[in-house]
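Reviewing the structure listed below.
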Amino acid sequence: MTTQTSVAAPAVPRRRAPRAGGSTLLRRRQRWGWLFVSPFLAVFALLLVFPLAYAFGMSLFTSTLATGTEFTGLGNYAKAFTDPLFLEGMLRVLAFAVVMIPAQLIVAIAAALVLDTLATKLSKLSRLLIFAPYAIPGVIGALMWSFLYSPRFGPGGTLFNLVGMPTPDFLAPGTIFGSLVNIVTWQWAGYYMVVIYAALRAIDPSIYEAARIDGANGWQTALRIKVPMIGSSMVMIVMFALIGTLQFFTEPVVLRNVAQGAIDAAYTPNMYAYSLAFSYSQFNYASAIAFSLGALVFAGSFVFLFLTRKQSGLK
Amino acid sequence: MSIFTQRPIEAAEPLTTATGVPSHVDRSAKGRRRAGGRRIGSHVFLVILAIYFVVPIWWLVVASTKDTAGLFSSPAFWFSGDFSLFSNIAELFTHQGGIYWRWLGNSFLYAFAGGIGATILAILAGYGFAKYDFRGRGAVFTVVLGSVMVPLTALVIPTFMLLSQYGIINTPWAVILPSLLSPFGVYLMRVYTQDAVPDEMLEAARIDGAGELRTFFQVALPLLRPAIVTVLLLSIVGTWNNFFLPLAVLTDPQLLPVTVGLNRWTALSNAGAGGEQVWNLITSGAFISVLPLILSFLFLQRYWQGGLSVGSIK
Chain B
102 MTTQTSVAAP AVPRRRAPRA GGSTLLRRRQ RWGWLFVSPF LAVFALLLVF
152 PLAYAFGMSL FTSTLATGTE FTGLGNYAKA FTDPLFLEGM LRVLAFAVVM
202 IPAQLIVAIA AALVLDTLAT KLSKLSRLLI FAPYAIPGVI GALMWSFLYS
252 PRFGPGGTLF NLVGMPTPDF LAPGTIFGSL VNIVTWQWAG YYMVVIYAAL
302 RAIDPSIYEA ARIDGANGWQ TALRIKVPMI GSSMVMIVMF ALIGTLQFFT
352 EPVVLRNVAQ GAIDAAYTPN MYAYSLAFSY SQFNYASAIA FSLGALVFAG
402 SFVFLFLTRK QSGLK
Chain D
16 MSIFTQRPIE AAEPLTTATG VPSHVDRSAK GRRRAGGRRI GSHVFLVILA
66 IYFVVPIWWL VVASTKDTAG LFSSPAFWFS GDFSLFSNIA ELFTHQGGIY
116 WRWLGNSFLY AFAGGIGATI LAILAGYGFA KYDFRGRGAV FTVVLGSVMV
166 PLTALVIPTF MLLSQYGIIN TPWAVILPSL LSPFGVYLMR VYTQDAVPDE
216 MLEAARIDGA GELRTFFQVA LPLLRPAIVT VLLLSIVGTW NNFFLPLAVL
266 TDPQLLPVTV GLNRWTALSN AGAGGEQVWN LITSGAFISV LPLILSFLFL
316 QRYWQGGLSV GSIK
């Protein structure tokens, strides 16, 4: 039996079950462990490992009308990493990450810090309303904003004429970047706020008492104590936001309905892979693009987790 | 192997619902006045933020009550003279044979089938990883955890090619099967199971003669309820919101979920001639399609407020 040690502290890794004996009981336990995880592992193998391997295999071939399908090794990757359309798309999503993630985080942190000091009905209602866009699918959110940005339906004309300014075109090549940042911030900042808020509520309030006795004011408490103490939540949020931003797809695709001139078919790497596969039937090259994007995102988040391991407490 | 320590969801619950005045508010008269001023400033800030987040939703509510002429001519944030929501709904039943309701039903089917399936797999795997010390557990779990960082959209084109090999492209399965994959759900369930199900209880059940399955169903499962609801909610929302996957694997208009369907109407309305412009159907259709999720978030507040933070680690 394995339980004689632990009474308290259930989260500590323990139970190094003696393996040497190999009693039938232990072997039966081992089998049950595998039985419980195997349904998921089957799905994992069939729908993640296998497709990735298959795509990698596909990406090693090139098929043309003239020569048929032939093995070209890493040729598609050499092509991808010198393809200006792919590289521009990659740079663009990196630029989105640099602008969009801080924008969302600043809104989310500011809202969560303010909410943390209030316990009124109005603050609870605000929390609910700020979170509300999370319940709206990305496509529908982008559709709504495409109406609001549209010169035909949108309120832009009325609002800007009110203060005597010309109506800006939200869907022009120069403004579309900001318009997209706005949509994503609107969609996700509330969700991040809820996560940060929950992390703030989990801090032991006696720490604030100690800070107050030491003469810290509200701002100092917020910036020097609260923000550092939720480091691990922030790391998780930034990582998920990073993964999401690098595979940017839904919002630009939807806005493309109304802004063909500003968003081309290769605006982001994912859109490029999609149009290669479904408009041009270049499945081999599309696989190489998808695989490269996946590898870059994976490597990027891995490096990010490594660099922030101190803040997150991950090992 | 990375050890993610995790505070169970219940631990966050009493804190999120705490109503007491924060302890660091200065209680002296002068301090209270100063704090009062700050509180007004804080509330103003919150209200401004809330307005930004709510205005587009308000627009959708208003727009769903207009006909196409009203959408073009009336102010964006206020009602036009006549209330056309019901005639719009009636038109949704007749336009293209009421395909909109078909789309809505598809969305429900995909979200629930995918979400429930993914949750069942996550519960079983989470329990297996947390409570059985089988050989290879550490390595397998590390691989599963690492796969959280694989962008799901990178899988869409490979999945499409694979599914078309087996001829299940353009069927509901093409959306449901990939939605079963939720490594993050497995991670959440494992972490929660570790904290919420004491080994002693499992041992006691075994000593009393309960088999492994019975121990799981009667001892562990009831303790996992809060995490199950959270994972279920997250997976259903994830599948409901999915766009890239159904866009790639479905071409039959009858099979589309409502997200892809409405996007298709928008593309046609923007490109097409007068007859294909169905702006009023797009706005009222979008409004109806967001109601189920908004309402369930409203009624399940208790779960998401504590539960969405499960992802945050301490």
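Taken in sequence, the protein lines are chains B and D. Quick note, our numbering runs 101 ahead of the 1-based positions in the first sequence. Quick note, our numbering runs 15 ahead of the 1-based positions in the second sequence. Even glycine gets a Cβ: it sits at the ideal position worked out from N, Cα and C.
- Note on geometry: alpha-carbon atoms of VAL305(D) and GLY113(D) lie some 18 Å from one another.
- A distance below 7 Å between beta-carbons, with the five flanking residues on each side excluded, links SER247(B) to the following residues of its chain, in chain order: VAL355, LEU356, ASN358, VAL359.
- When only Cα atoms are considered, GLU215(D) and GLY291(B) end up about 40 Å apart.
- Within the segment 256-328 of chain D, the complete alpha helix (DSSP H) segments at least 4 residues long are 259-264, 273-286, 294-314, 316-322, listed from N- to C-terminus.
- Short of 7 Å from the beta carbon of ILE297(B), and not among the five residues preceding or following it, lie these beta carbons of its own chain, in chain order: ALA209, ILE210, ALA213, ILE331, SER334.
- Contact annotation: PRO152(B) and THR174(D) have beta-carbon atoms nearer than 8 Å.
- Under the three-state reduction of DSSP, PHE403(B) is assigned to helix.
- Under the rule that a run must span 4 or more residues, the alpha helix (DSSP H) segments found entirely inside the segment 141-191 of chain D read 152-161, 171-180.
- Contact between the segment 248-256 of chain B and the segment 269-276 of chain B is present, with at least three C-beta pairs closer than 8 Å.
- Here GLY113(D) carries a coil assignment [DSSP, helix/strand/coil].
- At least one CB of chain B lies nearer than 8 Å to the CB of PRO71(D).
- The C-beta distance from LEU75(D) to PHE259(D) rounds to 23 Å, too long to fall under 8 Å, and the pair is not in contact.
- DSSP places THR163(B) inside the beta strand (DSSP E), whose first and last residues are 162-165.
- GLY56(D) sits in a helix when the DSSP states are folded into three classes.
- For the 8 Å CB-CB criterion, MET176(D) and PHE172(B) do not form a contact.
- One Cα belongs to ARG205(D), the other to VAL246(D), and the distance between them is close to 12 Å.
- Flagged as an interface residue toward chain D: VAL138(B), by a C-beta distance shorter than 8 Å.
- Taking CB atoms only, VAL285(B) has no neighbour in chain D less than 8 Å away.
- Bounds of the alpha helix (DSSP H) holding THR351(B) are 351-357.
- Assigned with DSSP and collapsed to three states, PHE172(B) falls in strand.
- Taking the Cα of TYR125(D) as reference, the smallest distance to any Cα among THR281(D), VAL275(D), GLY224(D), VAL201(D) is reached at VAL275(D).
- Cβ atoms of GLU352(B) and LEU281(B) come within 8 Å of each other, at about 6 Å.
- Judged by DSSP secondary structure, ILE210(B) falls within the alpha helix (DSSP H) whose first and last residues are 185-217.
- When Cβ pairs closer than 8 Å are counted between the two stretches, the segment 143-153 of chain D is seen to touch the segment 127-142 of chain B, the count reaching three or more.
- Sequence-ordered contacts of the segment 365-399 of chain B with chain D read ASN371, ALA374, TYR375, ALA378, PHE379, PHE384, ALA387, SER388, ALA391, PHE392, LEU394, GLY395, VAL398, PHE399 [C-beta pairs closer than 8 Å].
- Listed by position along chain D, the residues whose Cβ is nearer than 8 Å to that of THR351(B) are PHE258, PHE259.
- DSSP places TYR293(B) in the helix class (H, G or I) of the three-state scheme.
- By the neighbour-count definition (other C-beta atoms within 10 Å, threshold 16), TRP289(B) is a buried residue.
- Contacts between ASN278(D) and chain B, judged by CB atoms closer than 8 Å, involve VAL240, LEU244, VAL354, VAL355, ASN358 in chain order.
- Within chain D, no residue has its CB atom less than 7 Å from the CB of LEU188(B), the nearest being about 17 Å off.
- For PHE392(B), same chain residues with a beta-carbon under 7 Å away, outside a window of 5 residues either side, are ALA156, PHE157, SER160 in chain order.
- For GLY255(B), the chain D residues whose Cβ falls inside 8 Å of its Cβ are ALA91, in order along the chain.
- Nearest to SER164(B) by alpha-carbon distance, out of PRO140(B), ALA378(B), ILE344(B), is ALA378(B).
- Nearest neighbour of VAL190(D) by Cα position, chosen from TRP93(D), ALA133(D), GLY161(D), MET164(D), turns out to be ALA133(D).
- Inclusion of GLY143(D) and VAL138(B) in the CB contact set at 8 Å is warranted, their separation being smaller than that value.
- Taking 8 Å as the cut-off, the Cβ atoms of ASN185(D) and LEU262(D) do not count as close.
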